[in-house]
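Here the structure is laid out as structure tokens; the discussion comes afterwards.
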Amino acid sequence: MQNLLAEDIPDVLLSLVLIGLDRTTSNELRANLHLAIDSICWAINTSTHLSIHQRLLSHALTLTPVNKAHFVLFFSSGNSRTRHIAQWLAYALFLPNSRPSDVLPPLDPLILLLSPVPGSDELFDVTSANADFEDLGHYFAIISVALANVEPYVHEENSSSQSLSRQLSIDDSPRKSQKLLAPLTMLNTNT
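What follows is the structure, given as structure tokens:
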């Protein structure tokens with residue numbers, strides 16, 4: 020991995036994934052591609068993440084739902100950096116204008132995406148007559164990658180709810196009677 024130039028890494032990763040997505044690729048080669056991708060992702064520094072995301076996302080957005088799911092799932096196993104790339108890639112497939120970073124993607128936009136108004140014909144509107152349930156299954160596979168790393172969200176939510184509890188105990192306002200739902204709670208009730 021030391022011989023790869025940082026500016027070549029996005030194209031190298033894309034090439035490896037495209038070889039892996041080819042249906043004539045053997046399972047043995049596919050497993051080796053996963054290992055190679057994981058090794059490359061482990062060796063990169065965080066400054067390379069943005070260019071990797073941009074290159075991968077620009078191609079992934081052109082794919083059909085089934086191929087988008089396979090594309091994202093190629094990064095969903097492996098070390099933490101590989102999974103982080105997968106999480107942001109999955110997130111950005113639903114919200115292409117999002118800018119990947121080293122922090123977790125925000126949950127609120129995904130919650131809104133998963134809770135459409137019935138009859139709105141939005142992506143996850145299962146009540147729509149136009150709902151394509153085969154594609155929807157692939158989109159659920161993608162969103163499961165975007166939501167796979169839940170532990171940091173739980174930690175973040177616990178920290179913020181403790182801060183909020185302290186603030187509410189100090190603040191003697193009508194907000195005390197309102198029940199505030201944390202993003203993970205909202206996500207759990209919407210799925």
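Here the sequence shown is numbered in the working numbering, starting from 20 and rising by one per residue. Virtual Cβ for every residue (Gly too), placed ideally from N, Cα, C. Being a predicted model, the structure only gives us computed values, none of them experimental.
Helix, strand or coil at residue i [DSSP, three-state]
| i | result |
| --- | --- |
| Glu141 | coil |
| Asp30 | helix |
| Arg42 | coil |
| Lys195 | Note on Lys195: pLDDT 48, under 50, position unreliable in the model; the coordinate value appears next. Helix. |
| Asn22 | coil |
| Pro128 | helix |
| Ile59 | helix |
| Ser66 | helix |
Exposure of residue i, with buried meaning 16 or more beta-carbon neighbours within 10 Å
| i | result |
| --- | --- |
| Gly138 | exposed |
| Leu52 | buried |
| Pro29 | buried |
| Val169 | exposed |
| Val164 | buried |
| Pro125 | exposed |
Spatial neighbours of residue i in its chain, beta-carbon cut-off 6 Å, leaving aside the 5 residues before and after
| i | result |
| --- | --- |
| Phe113 | Leu132 |
| Pro128 | Leu114 |
Rounded distance between the beta-carbons of residue j and residue i, thought under 8 Å
| i | j | result |
| --- | --- | --- |
| Ser147 | Asp154 | Between Asp154 and Ser147 the Cβ distance is about 12 Å, and since that is not below 8 Å, they are no contact. |
| Leu32 | Leu75 | 7 Å |
Sequence-distant residues of its chain with Cβ nearer than 7 Å to residue i (five each side left out)
| i | result |
| --- | --- |
| Phe90 | Val36, Leu40, Ala79, Leu82 |
| Ala150 | Asp144 |
| Val85 | His157 |
Beta-carbon contacts of residue i that lie in its chain and below 8 Å, excluding the five residues immediately before and after
| i | result |
| --- | --- |
| Arg118 | Leu69 |
Sequence ranges, alpha helix (DSSP H) only - wholly within the stretch 68-123, length at least 4: Every alpha helix (DSSP H) of 4 residues or more that sits fully in the stretch 68-123 is shown, in chain order, as 68-79, 84-92, 99-113.
In chain order, which beta strand (DSSP E) runs of at least 3 residues are fully inside the stretch 144-182? Every candidate beta strand (DSSP E) stretch fails here, since none sits fully inside the stretch 144-182 while reaching 3 residues.
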